[in-house]
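Residue numbering for the sequence shown follows our numbering, starting at 1 and increasing by one per position.
C-beta: ideal position from N, C-alpha, C; glycine also.
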Amino acid sequence: MPTNINNDDLEFALKKLKAKEETFIQLESISKLGSWELDLQTGNGIWSKQSYIIYGESEDVKPSLELFLSHVIPEDIERIKQKIEQLLITTEVITDSCRIVRNDSEVRDLLISAQTVFDKDSKPIKIIGTTQDITEQVELKRHTKELSNVIESSSNEIYIINAQNFHYLYTNQGACDALGYTRNELLQMDVYDINPELTKQEAEYLRDSITEEEKNLNRTLHRRKDGSTYHVQSFIHPITYNNQKAFVIFDIDISKQIGDEIRLQEQTQLLNYQANHDSLTKLPNRSLFQDRLEQSIASSKRNKEKFALLFIDLDQFKKINDSLGHHIGDEVLIESAIRLSKAIRDEDTLARLGGDEFTIILKNISDPKSAAIVAQKITDLIKQPILIGTHHLYVSSSIGISIYPDDSSTKENLLKFADAAMYKAKEEGRDNYQFYSSEMTAFAFERVVMESSLRVAIKEKEFVVYFQPQYSTATDKIIGMEALVRWQHPQLGLVPPGKFIPVAEENGLIIQIDTIVMEKAMEQFVLWHKKGLNPGVLALNLSMKQLNEKDFLHKLIHTIDRLGFNPLWLELEVTEGQVMNNPELSIQKLHTITELGIEIAIDDFGTGYSSLSYLKKLPLDKLKIDQSFIKDIPKDEDDMAITKAIIALGKSLNLKLIAEGVETKEQKDFLVQNGCEQIQGYLYSRPIPAEEIEKLLKTNEI
Numbered sequence: 001m002p003t004n005i006n007n008d009d010l011e012f013a014l015k016k017l018k019a020k021e022e023t024f025i026q027l028e029s030i031s032k033l034g035s036w037e038l039d040l041q042t043g044n045g046i047w048s049k050q051s052y053i054i055y056g057e058s059e060d061v062k063p064s065l066e067l068f069l070s071h072v073i074p075e076d077i078e079r080i081k082q083k084i085e086q087l088l089i090t091t092e093v094i095t096d097s098c099r100i101v102r103n104d105s106e107v108r109d110l111l112i113s114a115q116t117v118f119d120k121d122s123k124p125i126k127i128i129g130t131t132q133d134i135t136e137q138v139e140l141k142r143h144t145k146e147l148s149n150v151i152e153s154s155s156n157e158i159y160i161i162n163a164q165n166f167h168y169l170y171t172n173q174g175a176c177d178a179l180g181y182t183r184n185e186l187l188q189m190d191v192y193d194i195n196p197e198l199t200k201q202e203a204e205y206l207r208d209s210i211t212e213e214e215k216n217l218n219r220t221l222h223r224r225k226d227g228s229t230y231h232v233q234s235f236i237h238p239i240t241y242n243n244q245k246a247f248v249i250f251d252i253d254i255s256k257q258i259g260d261e262i263r264l265q266e267q268t269q270l271l272n273y274q275a276n277h278d279s280l281t282k283l284p285n286r287s288l289f290q291d292r293l294e295q296s297i298a299s300s301k302r303n304k305e306k307f308a309l310l311f312i313d314l315d316q317f318k319k320i321n322d323s324l325g326h327h328i329g330d331e332v333l334i335e336s337a338i339r340l341s342k343a344i345r346d347e348d349t350l351a352r353l354g355g356d357e358f359t360i361i362l363k364n365i366s367d368p369k370s371a372a373i374v375a376q377k378i379t380d381l382i383k384q385p386i387l388i389g390t391h392h393l394y395v396s397s398s399i400g401i402s403i404y405p406d407d408s409s410t411k412e413n414l415l416k417f418a419d420a421a422m423y424k425a426k427e428e429g430r431d432n433y434q435f436y437s438s439e440m441t442a443f444a445f446e447r448v449v450m451e452s453s454l455r456v457a458i459k460e461k462e463f464v465v466y467f468q469p470q471y472s473t474a475t476d477k478i479i480g481m482e483a484l485v486r487w488q489h490p491q492l493g494l495v496p497p498g499k500f501i502p503v504a505e506e507n508g509l510i511i512q513i514d515t516i517v518m519e520k521a522m523e524q525f526v527l528w529h530k531k532g533l534n535p536g537v538l539a540l541n542l543s544m545k546q547l548n549e550k551d552f553l554h555k556l557i558h559t560i561d562r563l564g565f566n567p568l569w570l571e572l573e574v575t576e577g578q579v580m581n582n583p584e585l586s587i588q589k590l591h592t593i594t595e596l597g598i599e600i601a602i603d604d605f606g607t608g609y610s611s612l613s614y615l616k617k618l619p620l621d622k623l624k625i626d627q628s629f630i631k632d633i634p635k636d637e638d639d640m641a642i643t644k645a646i647i648a649l650g651k652s653l654n655l656k657l658i659a660e661g662v663e664t665k666e667q668k669d670f671l672v673q674n675g676c677e678q679i680q681g682y683l684y685s686r687p688i689p690a691e692e693i694e695k696l697l698k699t700n701e702i
């Protein structure tokens with residue numbers, strides 16, 4: 001209510017003024033605005049209550065210009081003094097800011113507005129003004145500027161777009177640098193101009209799916225001004241900008257991440273491929289085959305269909321691998337896989353289980369005849385000659401077939417039955433196919449039991465050594481003997497080698513068996529020598545696989561030393577084919593053996609593919625004529641001619657000669673007449689146990 005000087009009495013007028021003063025003080029407190037005045041004649045000042053609060057001064061302190069200046073920070077003193085001088089010569093209001101230090105040491109930002117009051121003679125008499133604490137506003141402005149600088153200088157792309165038409169309302173320098181456009185160019189564009197794969201429908205769906213409370217992550221492709229593209233991940237948030245609905249978008253270049261993801265995906269696919277495919281033939285491996293077999297069972301059951309499972313084994317492959325090397329064997333496997341793939345349809349599955357074993361799933365066959373047609377096609381394809389380098393190689397296939405659901409509805413039995421049928425095909429002479437029958441299960445079971453029993457036999461050392469004596473044709477005296485293995489089974493008795501050797505060779509157990517035979521034979525020879533007997537030279541069969549083991553020589557020397565066996569008593573027999581597999585390596589390793597005083601003999605000579613240039617380089621002591629050339633003497637003139645040639649060759653190389661498999665006096669006479677000095681065979685003795693050999697040795701001494 002205004003004060004009426006004419007009508008209000010003094011007391012009422014004072015009450016009105018008091019009320020106005022309180023209101024003014026309250027307004028100052030709310031606005032943090034303090035009022036003040038400075039008498040230029042006396043230098044004294046008047047501060048409102050809020051002014052004292054702003055400076056942190058007690059109200060009993062007398063305000064003055066000096067008090068005010070004592071609070072101003074040193075950096076602002078000169079500028080404030082200049083403003084005061086300007087005030088004294090103008091009637092205009094002058095506004096400026098400065099920083100002060102309060103009595104509590106807190107630094108505050110102030111906005112000061114002041115005006116000089118002049119008398120009638122234009123002489124300045126006082127200055128009046130206001131002081132406002134703007135610390136919060138200054139801090140906010142500083143933070144805003146810092147944030148603006150961060151946004152502007154960010155290497156990430158930051159945009160603000162109109163929520164309706166998707167035009168750009170703001171872009172930072174990072175966006176300009178990334179895209180190659182100027183800011184003005186971008187502000188004339190919309191999101192479709194730099195997002196070549198974004199459609200209007202997608203953009204509108206994205207806009208409508210984002211609410212005020214939600215954010216959105218989105219991947220897209222950006223196109224630069226030069227036409228090149230890169231991947232970005234967008235963080236989108238709805239905002240209000242310049243009083244209009246908008247979106248702020250933060251884009252990060254994720255091209256490297258996308259590249260890494262693509263490479264990771266490619267590596268994952270490669271690892272998955274490698275885990276499920278054979279590295280040599282690129283065919284599905286056992287793992288993928290098992291999965292395909294499960295799928296075939298499920299599909300055939302659902303559709304009430306039949307399918308055939310073919311188990312294929314390559315005949316003669318092991319001989320090729322052992323005689324010509326793994327590199328040739330690998331080429332045979334690759335070519336065989338190619339031929340097998342030509343025999344089946346796209347929907348069928350061809351897999352390599354390992355080694356020379358393949359399987360085929362023939363889907364949806366009408367009857368077993370369909371499987372027989374494919375099996376016959378396979379046998380015809382496989383036995384065609386394979387040309388690798390200068391080698392013309394011949395392999396055949398043994399195929400076993402089981403039918404779903406006729407033979408079984410489980411994958412384990414289908415595979416087991418096809419495997420059993422394959423072994424039946426081998427028993428029938430190879431190069432044929434056989435369908436599964438119940439009788440085959442017993443045959444397959446016998447092989448499984450045989451392998452299991454062999455492993456026990458190795459552990460328990462159930463093998464015994466038989467010896468077949470070798471005789472001098474000049475004296476008919478024992479000059480040595482060949483050690484041959486027999487299996488003394490605890491339940492079955494003596495198992496002949498023909499029963500278990502093929503299984504041992506197939507499963508890689510033969511090396512362990514040979515090691516047992518070597519140790520037992522050497523031990524027996526040492527014992528005979530201690531008894532004063534002379535068993536001559538111990539002939540042991542040595543496979544190149546055994547020789548190629550890293551620690552073979554170490555084991556051999558260790559066994560010789562441990563048993564007290566004289567190396568001069570030992571002769572190692574290696575087959576001709578195995579030596580010629582890698583003649584250079586064979587020469588090197590056999591020389592190492594002969595340096596120990598051990599003799600080397602070529603076993604089964606004449607059955608392999610010897611190169612005479614290599615033969616004369618080998619550190620050989622003896623040629624052993626294979627029994628296949630002896631058995632038909634004197635009936636077969638070709639065998640007689642070959643035997644004569646071998647004897648002549650041996651003598652020309654200064655090698656000792658021994659013929660194996662001699663069973664008749666006629667054969668012995670022929671060999672003696674042609675200069676063969678040593679004989680081994682049933683004519684003199686079958687392979688017999690150590691006790692019987694000992695009797696012969698005692699007789700031999702007479």
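- When DSSP states are grouped into helix, strand and coil, residue 481 belongs to the strand group.
- CA-to-CA, the gap between residue 58 and residue 52 works out to about 6 angstroms.
- Under the three-pair Cβ rule at 8 angstroms, the region 630-645 counts as touching the region 663-683.
- A Cβ-Cβ separation of about 7 angstroms places residue 328 in contact with residue 391 under the 8 angstroms criterion.
- With 16 or more other Cβ atoms from the protein chains shown falling within 10 Å of its own Cβ, residue 222 counts as buried.
- From the listed residues 203, 492 and 513, the smallest Cα separation to residue 501 is found for 513.
- If you draw a straight line from the Cα of residue 236 to the Cα of residue 249, it is about 5 angstroms long.
- Counting along the chain, the unbroken alpha helix (DSSP H) around residue 332 starts and ends at 326-342.
- Burial of residue 320 is indicated by the presence of at least 16 other C-beta atoms within 10 angstroms of its C-beta.
- Using a Cβ distance threshold of 7 angstroms, residue 535 and residue 697 count as a contacting pair.
- In the DSSP assignment, residue 359 forms a beta bridge with 311 and 351.
- Per DSSP, the unbroken alpha helix (DSSP H) holding residue 519 starts and ends at 510-530.
- Between residue 230 and residue 208, the gap from beta carbon to beta carbon reaches 7 angstroms or more.
- If you draw a straight line from the Cα of residue 526 to the Cα of residue 694, it comes to about 13 angstroms.
- With the rule of 3 Cβ pairs closer than 8 angstroms, the region 283-296 counts as touching the region 351-363.
- Excluding five sequence positions before and after residue 521, the CB atoms of its chain that fall closer than 8 angstroms to its own CB belong to 465, 467, 483, 538 and 540, given in chain order.
- In this structure, the alpha-carbon of residue 244 lies about 22 angstroms from that of residue 201.
- Residue burial annotation: residue 177 is exposed, with fewer than 16 other C-beta atoms found within 10 angstroms of its C-beta.
- Only exposed fits residue 43, as fewer than 16 other CB atoms lie within 10 angstroms of its CB.
- In the three-state DSSP reduction, residue 684 falls in the coil class, being neither helix nor strand.
- Uninterrupted beta strand (DSSP E) stretches at least 3 residues long and entirely within the region 97-164 occur at 107-118, 124-133 and 157-162, given in chain order.
- Secondary structure note for residue 573: its beta strand (DSSP E) is the uninterrupted segment 570-575.
- A straight-line Cα-Cα distance of about 9 angstroms links residue 224 and residue 195.
- Rounded to whole angstroms, the Cβ separation of residue 131 and residue 124 is 20 angstroms, and the two are not in contact under 8 angstroms.
- For residue 668, the enclosing alpha helix (DSSP H) covers residues 665-673.
- Residue pairing of residue 401 in beta bridges, as defined by DSSP: 310 and 435.
- Collapsing the DSSP output to three states places residue 594 in a helix.
- Residue nearest to residue 592 within the set 316, 138, 384 and 552 is 552 (criterion: CA-CA distance).
- Annotation for residue 658: 470, 601, 622, 623, 624, 625, 676, 677, 678, 679 and 680 place their beta carbon closer than 8 angstroms to its own, counting only its chain and skipping 5 residues before and after.
- Within the region 363-424, the runs of beta strand (DSSP E) that reach at least 3 residues and sit entirely inside it are, in chain order, 386-388, 391-393 and 396-404.
- At least 7 angstroms separates the beta-carbon of residue 381 from that of residue 430.
- In the same chain as residue 574, and ignoring 5 residues on each side of it, the C-beta atoms closer than 6 angstroms to its own belong to 542, in chain order.
- Take residue 597, set aside five residues on each side of it, and the residues of its chain with a beta-carbon closer than 7 angstroms to its own are 567 and 568, in chain order.
- DSSP, reduced to helix, strand and coil, places residue 599 within a strand of the structure shown.
- The C-beta of residue 232 has 16 or more other C-beta atoms within 10 Å across all chains shown, which makes the residue buried.
- A direct Cα-to-Cα measurement between residue 206 and residue 217 gives close to 10 angstroms.
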